[in-house]
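When we follow this note's numbering, the leftmost residue of the sequence shown carries the number 6, and every step to the right adds one.
Here's the structure, in structure tokens; my notes come after.
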Amino acid sequence: MTRRLRSPAARFAAFALPAVVLPAAILAVLGYHSLRQWERSAETLFRAQARDLASMTADKVDTVLRRAEDTIVARLQNVLADPHPTPDALRAFVASTPLIMGLSVFDRRGHLRYPSAGQAVDGGLFPTLSREFPPEAWDSPGVRHLLVQDQIILAAIPKGVGGGPLLAALSLDPEALRRDLLEKTLGPLEGSTIPAVLDAQGHPVYSRAPLERAMPIISVPLGGTLPSWRLALYQPPGAFPRDAVRWQVVLFSAAFGLLLLVIAAGLGATYRLVRRETEMAELKADFVANVSHDLKTPLALIRMFGETLEMGRVADEAARQEYYRVIIRESERLSRLLDNVLDFSRLERGRRTYDVAPAAVAPIVHETLEAFAYILAQQAFRVEVAVAPDLPEVPLDADAVGQALANLVDNAIKYSGERRVLRVEAALRDGHLAVAVADEGMGIPAGEQERIFEKFYRIGRSETQGRRGSGVGLALVRHIMEAHGGRVTVESQPSRGSRFTLWFPLRVDGTEGKAGTSGAAEVA
Ligand code: ADP
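Structure below.
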């Protein structure tokens, strides 16, 4: 009885699931989560850094602007220190101060003292200004920043003014601000981010580089000097840290995917190996069972007929002769089986040697058929032999070739059904000497035609077809033919029959197969 081993798929699943698939799945989940975590913390860190950078930059702009304003207010103070500042002096002050676009000077009562026309900030500005500078504030000089109708106004009460305190409103020139201040302050800053200054409506007044495809990161108020304006940081296209992290994630995922692929390939290979090993174990078990069975049957027959003869119970001479023939036939079958098994084991251990010498195939064909003559006649086989005349001798090991041929003939007999025809042909074909053994038996399905030459392989395994056999016959035939530098091929159609052909090369190693050359080939 053949013990059924656990299916290879079940064995493999039992090994692969806990050992490989589960850890790989856990690793994949953990990897994914830590990547997400990493992405999130990188983003948070980046935003925090960007906020710090933006605040520092905004402070810098504020400081520079304050310094510029201090200078402007000090200069204005000088001009206004004159008890009767001439409009010309004030005009000259405005003209020589690029950052200032307009100037209006009011007295405590709200009278516009300068200018009488042109260059005024706005006559109706005073109420707004006086809200910023209540009466008590007029005595302590100071500076305010206002946004009036989209204009940045610097309002100041310069000290030391002759003829009572005055309120000066200076409107900043955005173009000069951009060019002389923002450009000079932000332009030389280093770093991959793009600093930009946005006005109260969020429109960029200045940016260090074009912002078309840049991504806004963060914006902070610009400090008191430019009320409602903001300093924003942008990331140039493709350089957003999220992109870098994404790229890392993609890279990691690709590496992990590759790892999974390698694991899958390893599992696939292991599965194939396990399946093959299991199959081989099953085939070996079948082989032992088949060979034992094949040994027992002829032995039982020999013993039974031998004992019957020994007891002298067979009086009829014809019957006695028949008994002798059975004994001879069965012992020949035993020898063939043992030869096959022994040769196969030699072949497995790499000990099979061949004595190759040029010889004719015709005698081998005839001798082989002679050995099967009785069984062929008994089973009413129509035997057709066609050996072409004048075939050249070819280098071969006569015993081995006889064995190969016997295996093919034995199979043709075993696997023939109703149509009992055996055809043996030898002829020159395609530059080879071809010896074919054909039957009209059950045939071999196309999918099995390669596999039948594997060791232990039998179509449908041991029980099929109800025919005895060890499954090593064709493996031996193939080995023998390869040792001769030739090959064995099969053409077959299920239920139509099979045709096995042994192809012998006419020369070996460039030597014409002539009598006299002899050698031993050892094939692993
Ligand atoms: P076995 O001892 O089983 O005959 P072989 O190696 O000689 O082992 O053959 C392998 C298998 O190939 C056989 O079990 C049989 O299924 C198939 N086979 C071989 N020769 C023939 C044939 N002439 N017709 C049909 N099937 C064949």
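Backbone N, C-alpha and C fix where the C-beta goes; we use that ideal spot for every residue, glycine too.
Asked, Found
"So, at 7 Å on beta carbons, what are the nonlocal neighbours of T133 in its own chain, with the 5 sequence-adjacent residues on each side left out?", "L151 and V153"
"Who are L22's beta bridge partners in DSSP?", "Its beta-bridge partners do not exist; DSSP assigns none."
"Per the DSSP calculation, G273 is bridged to which residue(s)?", "None; G273 has no bridge partner."
"Apart from the five residues on each side of it in sequence, which residues of its chain come closer than 6 Å, Cβ to Cβ, to L22?", "none"
"Would you mind sorting P157 into buried or exposed? The rule is 16 or more other CB atoms within 10 Å of its CB.", "This sequence places Ile at residue 157; Pro is not what is there. So I157 ends up on the buried side."
"At what residues does the beta strand (DSSP E) containing T494 begin and finish?", "R492 to Q498"
"Do A201 and Y211 have their beta-carbon atoms positioned less than 9 Å apart in this structure?", "yes"
"D4: which of E423, A409 and A364 sits nearest, CA to CA?", "Beyond the ends of the chain as shown, which are 6 and 529, falls residue 4; an answer cannot be given."
"Going by beta carbon distance, what residues of the same chain come within less than 7 Å of A432, once the five residues before and after it are set aside?", "A393 and A439"
"Give the straight-line distance between the Cα atoms of A382 and V426, rounded to the nearest whole angstrom.", "11 Å"
"On the three-state DSSP scale, how would you describe P226?", "strand"
"Would you mind working out which of L236, L272, P450 and G476 sits nearest D67, comparing C-alpha positions?", "L236"
"What residue ranges within the segment 122-205 form continuous alpha helix (DSSP H) runs of no fewer than 4 residues, ordered along the chain?", "131-137 and 188-191"
"Alpha carbon to alpha carbon, how far is A14 from I268?", "17 Å"
"What residue range is occupied by the uninterrupted alpha helix (DSSP H) comprising D67?", "L27 to A86"
"Note the first and the last residue of the continuous alpha helix (DSSP H) segment covering Y329.", "E322 to E353"
"Look at the alpha carbon of T275 and the alpha carbon of L339, and state the distance between them as a whole number of angstroms.", "40 Å"
"Taking 8 Å as the cut-off, is the beta-carbon of R386 closer than that to any non-hydrogen atom of the ligand ADP?", "The sequence given here has Phe at residue 386, not Arg. For the ligand ADP, not one heavy atom lies less than 8 Å from the Cβ of F386."
"Between A320, E353, R341 and L306, which has its C-alpha nearest G330's C-alpha?", "Before going further, note that residue 330 is Arg rather than Gly in the sequence given. Considering only alpha carbons, the answer is L306."
"With distance defined between alpha-carbon atoms, name the residue in G355, N345 and E398 nearest to Q408.", "N345"
"Are Y420 and G446 touching if we call contact CB-CB under 9 Å?", "yes"
"Do V225 and S60 count as a contact pair if the criterion is CB distance below 9 Å?", "yes"
"Rounding to the nearest angstrom, what Cα-Cα distance links L292 and Y37 in this structure?", "Checking the sequence shown, residue 292 turns out to be Phe, not Leu. Distance between the alpha carbons of F292 and Y37: 51 Å."
"For the beta strand (DSSP E) holding R428, just list the boundary residues, first then last.", "V426 to R434"
"Exposed or buried, E468, counting other C-beta atoms within 10 Å across all chains shown (16 or more means buried)?", "Note that E468 has pLDDT 46, beneath the 50 cutoff, so the model's placement of it is unreliable and the number below is only indicative. E468 is exposed by the Cβ-count criterion."
"Going by other Cβ atoms of all chains shown within 10 Å of its Cβ, with 16 needed for buried, is G476 buried or exposed?", "buried"
"Would you mind working out which of I223, A29, F51 and V26 sits nearest A63, comparing C-alpha positions?", "I223"
"Which residue from T76, N83 and A161 puts its Cα closest to that of V110?", "A161"
"When you compare the CB positions of D360 and D321, do they come within less than 9 Å of one another, or not?", "no"
"P484 by DSSP, collapsed to three states: which one?", "Here residue 484 is His; the residue named in the question, Pro, does not match the sequence. Three-state result, H484: helix."
"Ignore the nearest five residues each way along the sequence and tell me which others in R213's own chain have a CB closer than 8 Å to its CB.", "L191, G192, L194, I199, P200 and A201"
"To the nearest angstrom, report how far apart V25 and L347 are at their CA atoms.", "42 Å"
"My output table needs one value for R251: the three-state DSSP class, helix, strand or coil.", "helix"
"In the segment 351-403, which residue ranges form an unbroken beta strand (DSSP E) of at least 3 residues, counting only runs that do not cross its ends?", "358-364, 387-392 and 399-401"
"Can you say whether A100 is buried or exposed, counting buried as having 16 or more other CB atoms within 10 angstroms of its CB?", "exposed"
"Please go through the same chain and pick out, in chain order, the residues whose beta-carbon is closer than 6 Å to the beta-carbon of N412, but skip the five residues on each side of it.", "G478 and V482"
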